[in-house]
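Below is one structure; the comments refer to it alone.
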Amino acid sequence: MDKRWLVGIDIGGTSIKVAFINLFGDIVHSWEIETNKSERGHYIPVDIARSIDKKLNELNQTKSKLIGIGIGAPGPVNVQDGSIEVAVNLGWENFPLQNILEQETSLPVVVDNDANIAAIGEMWKGAGKGAKNLICVTLGTGVGGGIIANGEIVRGVNGAGGEIGHITSVPKDGSPCNCGKKGCLETIASATGIARLALEEIASTNKMSKLRDSYDRYQTITSKLVFDIANEGDEIAKEVIDQVAFYLGLALANLANGLNPEKIVIGGGVSKAGHTLLTPLKEQFAQFAFPRVAQGVELVIATLGNDAGVVGGAWMAKERLMNELQVR
Ligand SMILES: [Zn+2]
5 MDKRWLVGID
15 IGGTSIKVAF
25 INLFGDIVHS
35 WEIETNKSER
45 GHYIPVDIAR
55 SIDKKLNELN
65 QTKSKLIGIG
75 IGAPGPVNVQ
85 DGSIEVAVNL
95 GWENFPLQNI
105 LEQETSLPVV
115 VDNDANIAAI
125 GEMWKGAGKG
135 AKNLICVTLG
145 TGVGGGIIAN
155 GEIVRGVNGA
165 GGEIGHITSV
175 PKDGSPCNCG
185 KKGCLETIAS
195 ATGIARLALE
205 EIASTNKMSK
215 LRDSYDRYQT
225 ITSKLVFDIA
235 NEGDEIAKEV
245 IDQVAFYLGL
255 ALANLANGLN
265 PEKIVIGGGV
275 SKAGHTLLTP
285 LKEQFAQFAF
295 PRVAQGVELV
305 IATLGNDAGV
315 VGGAWMAKER
325 LMNELQVR
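Just so you know, we're using the working numbering here: the sequence shown kicks off at 5 and counts up by one.
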């Protein structure tokens, strides 16, 4: 049995997650380094390479223990050459991540979009386990998505496949989105979107509400607070969640009607609300999904949390690199 490790890496705006993962997809060692954004993200690949060397040293292992690296980065990825077209957060533009990281580490590298590798992670070891047709939606600061059809990630013609967050939910007079459009799902179902909806709801009525009291006191509202207060039975907070469930259920049902998936995995910080979100979401989804599509699908909360990206990265390395190496 091959006892070597795969390296899964997930680059985020504040930290980079790195893990050594065995061929069964179990995390053997994982750690984080800070994302160094100085000089337009120039040092990121070097920092990663040094951190891998350091960890191997600590563990008394050599590089021959490692098969290769699967790495996820924010922004559209050119899968042909593993370059990142643009990652505003990191300062990257046409950044040849695969080339540089291969030079720095002397290991083969596969690059994909961060939402895609998170979806693959959930497919391999998480809530999507076993499903070959799967939609993964990540509700965090933004809304990310990954679609897997017949066991393959859907990248599309120029790398923008699976951009679920930018499905238009409010076709008229919607809120501006980071992508330049208006009324995207992200402006509603992200943590920021939920907080914004809550403020709108408070402003639109004089009803008594714990949500309003809390806002008056702290001048700020988080999506977590909205869910917590809704659980205590607050009407305004519940209305906000009903709106989120409506738009998210509508978008996911329409998407599912085109894909007929086996599972829809809801991840990201907002998904920690669990059944407070999942129960109304399932009701809305059932309303808009084609009956046979609704019968075939299960809506579930992601189980890997922050590990989805590194696990998905390792899967990419396993599938792509091990096959290629055998062919070579
Ligand atoms: Zn958008």
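Ideal Cβ placement from N, Cα and C applies to all residues, glycine included. Here the structure is a predicted model, which means the values were calculated and not measured.
Whole-angstrom distance between residue j and residue i, CA atom to CA atom
| i | j | result |
| --- | --- | --- |
| alanine 249 | isoleucine 192 | 10 angstroms |
| arginine 332 | valine 158 | Residue placement at arginine 332 is poorly supported in this model, since its pLDDT is 48, which falls under 50; the coordinates are not used for a value here. |
| methionine 212 | serine 179 | 26 angstroms |
| leucine 27 | threonine 172 | 40 angstroms |
| alanine 23 | aspartate 177 | 44 angstroms |
| alanine 298 | proline 265 | 9 angstroms |
| phenylalanine 289 | leucine 281 | 12 angstroms |
| serine 208 | phenylalanine 99 | 46 angstroms |
| valine 141 | leucine 60 | 34 angstroms |
| asparagine 162 | isoleucine 198 | 30 angstroms |
| glycine 146 | threonine 39 | 19 angstroms |
| arginine 200 | isoleucine 270 | 21 angstroms |
DSSP beta-bridge partners of residue i
| i | result |
| --- | --- |
| lysine 38 | Before going on, a small fix: residue 38 reads as glutamate here, not lysine. Glutamate 38 pairs with Ser19. |
| tryptophan 96 | Ala91 |
| leucine 105 | The partner list for leucine 105 (beta bridge, DSSP) is empty, contrary to what the question assumes. |
| glutamate 156 | Ala153 |
Element boundaries [alpha helix (DSSP H), containing residue i]
| i | result |
| --- | --- |
| leucine 282 | 279-292 |
| valine 314 | 312-320 |
| alanine 53 | 48-62 |
| arginine 200 | 195-208 |
Range of the contiguous beta strand (DSSP E) that encloses residue i
| i | result |
| --- | --- |
| leucine 143 | 138-143 |
| valine 113 | 113-117 |
Local conformation of residue i per DSSP, three classes
| i | result |
| --- | --- |
| leucine 259 | helix |
| alanine 122 | helix |
| aspartate 14 | strand |
| arginine 332 | Here the model assigns arginine 332 a pLDDT of 48, short of 50, so the residue's position is not dependable, and the following value carries that caveat. Residue state, collapsed to three classes: coil. |
| threonine 307 | coil |
| glutamate 302 | strand |
| isoleucine 225 | coil |
| lysine 267 | strand |
| lysine 67 | helix |
| phenylalanine 28 | coil |
| glycine 150 | strand |
| isoleucine 168 | helix |
| aspartate 220 | helix |
Q. Who's in the neighbourhood of ligand 2, going by beta-carbon under 6 angstroms from any heavy atom, listed in chain order?
A. Absence of ligand 2 is noted for the structure shown, with ligand 1 being the only ligands found.
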